[in-house]
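According to numbering that gives the first Met the number 0, the residues represented by the sequence shown are 0 to 131, in order.
Glycine included, C-beta positions come from ideal geometry on N, C-alpha and C.
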Amino acid sequence: MAIISARMLSKNLLLVTLIICMVVALPVSKSTTTCDTVYNDLRPCIKYLFSGGSFPTDCCNRIEFLLVSAITTAERQSVCLCVKDLLSYASDEQLSRAASIAGQCGASVPFEISPNVDCSKVQQWKEALVIA
């Protein structure tokens, strides 16, 4: 009986040790949203932003997808930082075009479309999401 109990205790100890290792090894919450992903998602909008011309209707679908996809605060801030970085290369005319995109789509983007936006303040997203 003592041998069986020692084996069961040993198996239980091993199981507990494995569970602890799995919990400790869980990844830290990081953003999986990269600027490459954001730029790819917003490709029709970016083309319009830098080249002008007629407004692409697909741009609104891409904005909606991006707003719905960025769930965590880290993802939201990553999207903001990518947009901010992109706009750092824009002329005044292009910045004006960028600022008008959300309105043309009937979307409420929860951060200022500007190269000067403070992305660390982007927290709430779903409450700000409005797609007409």
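Assuming the contact rule is C-beta atoms closer than 8 angstroms, Ala98 and Leu66 should be a hit. Round their C-beta distance to whole Å, please. One-based indexing of the sequence shown puts residue 98 at position 99. One-based indexing of the sequence shown puts residue 66 at position 67. About 16 angstroms separates the two Cβ atoms, so there is no contact after all.
Nearest candidate by alpha-carbon position, reference Cys58, set Asn115, Tyr47 and Thr36: Within the sequence shown, residue 58 is the residue found at index 59, counting from 1. Cα-wise, what sits closest to Cys58 is Tyr47.
Mapping DSSP to helix, strand and coil, what is Ala98? As a first step, residue 98 must be located in the sequence shown, where it is residue number 99. Helix, per DSSP.
By DSSP, does Ala73 sit in helix, in strand, or in coil? What you label residue 73 is simply residue 74 of the sequence shown in a count that begins at 1. DSSP places Ala73 in helix when its eight states are reduced to three.
Straight-line gap, Val121 to Pro109 (C-alpha atoms, nearest Å): The sequence position of residue 121 within the sequence shown is 122, counting from 1. The sequence position of residue 109 within the sequence shown is 110, counting from 1. If I take the Cα positions, the gap works out to 7 angstroms.
Between Val82 and Thr32, how many whole angstroms is the CB-CB distance? I'm expecting something under 8 angstroms. Numbered from its first residue, the sequence shown carries residue 82 at position 83. Numbered from its first residue, the sequence shown carries residue 32 at position 33. In fact, because the Cβ distance is near 11 angstroms, the residues do not count as touching under 8 angstroms.
Pick from Asp91, Leu80 and Gly102: whose alpha carbon is nearest that of Asp117? To locate residue 117, count along the sequence shown from 1; it is residue 118. Nearest to Asp117 by alpha-carbon distance, out of Asp91, Leu80 and Gly102, is Leu80.
To which residues of the same chain is Gln76 closer than 8 angstroms at the C-beta, ignoring the five residues directly before and after it? Taking the sequence shown and counting its residues from 1, one reaches residue 76 at position 77. Excluding sequence neighbours, Gln76 sits near Ser30, Cys118, Ser119 and Val121.
Nearest-angstrom beta carbon gap, Pro114 and Ser87 [assumed within contact, 8 angstroms]: Taking the first residue of the sequence shown as position 1, residue 87 is located at position 88. Taking the first residue of the sequence shown as position 1, residue 114 is located at position 115. About 5 angstroms; that satisfies the 8 angstroms criterion.
Decide if Asp35 is buried, meaning its Cβ has at least 16 other Cβ atoms within 10 Å, or exposed. Walking along the sequence shown from the start, residue 35 turns up at place 36. Result: exposed.
I need the straight-line Cα distance from Tyr38 to Phe64, nearest angstrom please. Here the question's residue 38 lines up with position 39 in the sequence shown. Here the question's residue 64 lines up with position 65 in the sequence shown. Cα to Cα, Tyr38 sits roughly 13 angstroms from Phe64.
Give the range of the alpha helix (DSSP H) segment to which Val116 is assigned. Taking the first residue of the sequence shown as position 1, residue 116 is located at position 117. Careful: Val116 lies outside any alpha helix (DSSP H) and carries neither H nor E.
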